[in-house]
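Chemist:
Right under this line is the structure:
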């Protein structure tokens with residue numbers, strides 16, 4: 001069904017994902033790169049995992065988005081880190097999903113690092129809907 005309609009692309013040989021580590025970002029960027037190579041005829045990139053189904057039917061989702069401006073993005077982010085500054089930005093995390101073929105959780109190592117000064121940190125919800133325009 002998905003192949004016939006062409007509005008869903010599945011990565012069947014996906015890389016390892018550790019849900020609290022950088023492999024989530026790496027896999028999402030990889031999926032975006034694949035989609036940009038496959039086709040430029042799309043409006044939104046929506047990253048979903050198997051646990052997200054069934055949210056709504058594809059017909060319902062298409063109906064909802066059909067009335068929206070195609071230039072909209074749905075990204076939750078903020079530069080106000082709060083507790084995340086101490087608990088997430090400063091600890092050094094190792095994500096075994098980057099180098100192991102077997103699933104393993106992230107772990108933290110010492111020493112802690114200082115906050116970066118070359119760029120500003122943001123935090124937000126990982127799931128997003130990103131529009132595409134030439």
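Residue numbers (UniProt numbering): 1 to 134. Yeah, the Cβ is synthetic: ideal placement off N, Cα and C, and Gly gets one too.
Look at the alpha carbon of residue 75 and the alpha carbon of residue 14, and state the distance between them as a whole number of angstroms.
Modeler: Whole-angstrom Cα-Cα distance: 24 angstroms.
Chemist: Could you give the residue range of the alpha helix (DSSP H) that holds residue 24?
Modeler: Segment 23-38, the alpha helix (DSSP H) holding residue 24.
Chemist: Using DSSP bridges, identify the partner residues of residue 106.
Modeler: Per DSSP, none; premise fails for residue 106.
Chemist: Report the CB separation of residue 152 from residue 17 in whole angstroms; it is logged as a contact under 8 angstroms.
Modeler: Past the edges of the chain, shown from 1 to 134, lies residue 152, and the structure says nothing about it.
Chemist: Locate the beta strand (DSSP E) running through residue 46, then write down its first and last residues.
Modeler: Here the beta strand (DSSP E) through residue 46 covers 44-46.
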